[in-house]
Amino acid sequence: MDKRTVYWSAILLMLVFFFACEEEGSKVQAKSDSRMETDSNRVVLEFSFKVNRAVYQKTNIGEPPQLAIWIESLDSQMIKTVWISHRAAKNEWRGKIECPVALPYWESRVALKIAKPGMLSRRKSEYEAISGPTPKAGDFSASIAVPQNSAWIYFIEVNAAADYNQAFPYWSKEGLPDSQANGQPSLVYSGRIIADGSSPDTPVLIGRTEQRRPVNILSDDLSGITTANHLLENIVVFSKPK
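Going by this note's numbering, the letters in the sequence shown line up with residues 1 to 242, in that order.
Okay, here's the thing in structure tokens:
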């Protein structure tokens with residue numbers, strides 16, 4: 001092959017490479033533009049609160065509470081988990097106190113639809129990206145992007161293991177031990193918010209779950225709750241432009 005042939009072959013290869021890269025770059029830019037256009041029509045709901053170390057350290061175990069945050073459409077046809085403690089999400093408690101019903105209300109609303117025989121692996125992967133260890137203390141926040149001006153009911157469920165008191169002792173009146181080390185049951189906070197980027201919302205404590213079993217109905221009897229209602233402080237939900 002003479003020098004002239006080599007020269008023009010090199011030029012041809014460079015042109016092919018250039019136009020190929022230019023086309024790929026255009027595709028990436030188009031995807032980026034499409035994503036930006038979508039994001040401009042979305043709003044972030046941010047959940048913010050403090051975890052009270054002084055409360056959970058007084059339990060028999062002294063571990064941070066389990067947490068679940070989720071939102072539901074007003075007709076409850078759409079349910080989205082915002083964040084959940086990783087052990088509750090995966091139902092894995094190796095090396096920890098066993099608490100398979102630590103967040104029973106979340107279980108009833110969200111997890112049971114995928115926690116069917118043969119679908120445990122899906123449950124694990126479903127919440128991998130939105131789960132993590134509960135912070136031991138201080139500020140905590142989690143967020144989710146939703147369509148602008150959409151309306152949601154939001155929930156926060158919290159439960160510290162082994163926070164026994166007179167109303168929820170380790171030994172029941174029937175002489176049976178609390179095999180799940182539950183103590184005071186999980187509490188659920190809730191509120192409504194419109195994703196319009198306006199004023200924040202503060203949830204209210206709407207009830208507690210029943211002991212030792214998944215439930216879909218909350219009890220409004222909070223007379224026996226003495227410390228669990230202080231596990232979280234300064235709970236605020238913000239609606240912010242994305």
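The C-beta atom is built at its ideal place from N, Cα and C for all residues, glycine as well.
Check: Val215 and Ile144: beta carbons closer than 8 Å?; Outcome: no
Check: For the structure I just gave you, are there three or more beta carbon pairs, one from the segment 65-73 and one from the segment 147-159, closer than 8 Å?; Outcome: yes
Check: Can the beta-carbon of Ala162 be found closer than 8 Å to that of Gly138?; Outcome: no
Check: Near Ser131, what residues of its chain come up, given a Cβ to Cβ distance below 6 Å and the 5 sequence neighbours on each side ignored?; Outcome: Ile84, His86, Ala89
Check: With distances taken from CA atoms, which of Thr202, Lys173, Gly175, Asn234 is nearest Asn52?; Outcome: Asn234
Check: Could you please give the first and the last residue of the uninterrupted beta strand (DSSP E) stretch that includes Pro104?; Outcome: Here Pro104 belongs to no beta strand (DSSP E); instead the alpha helix (DSSP H) covers 104-109.
Check: Please classify Leu231: is it buried, with 16 or more other beta-carbons within 10 angstroms of its beta-carbon, or exposed?; Outcome: buried
Check: Below 8 Å on the Cβ atoms is my guess for Pro104 versus Ser186; work out the distance and round it to an integer in Å.; Outcome: 6 Å
Check: Could you tell me which uninterrupted beta strand (DSSP E) segments, each at least 3 residues in length, are contained entirely in the segment 177-236, listed from first to last along the chain?; Outcome: 187-194, 204-208
Check: Counting C-beta neighbours from all protein chains within 10 Å, is the total for Glu128 16 or more, i.e. buried, or is it exposed?; Outcome: exposed
Check: Cα separation between Pro203 and Ile156?; Outcome: 9 Å
Check: Do you know how far the Cα of Thr226 is from the Cα of Thr209?; Outcome: 15 Å
Check: With a threshold of 7 Å, establish whether the CB of Phe49 neighbours any heavy atom of the ligand ATP.; Outcome: Annotation note on the ligand ATP: not contained in the displayed structure, which lists no ligands.
Check: Any C-beta of chain C sitting closer than 8 Å to the C-beta of Asn159?; Outcome: The displayed structure is made up of one protein chain only, and chain C is not part of it.
Check: Please state if the CB of Asn229 and the CB of Tyr164 are separated by a distance shorter than 8 Å.; Outcome: no
Check: Which residues bound the beta strand (DSSP E) around Lys90?; Outcome: No beta strand (DSSP E) contains Lys90, which is instead part of the alpha helix (DSSP H) from 86-90.
Check: Do you know offhand how far Ser239's Cα is from Lys173's?; Outcome: 46 Å
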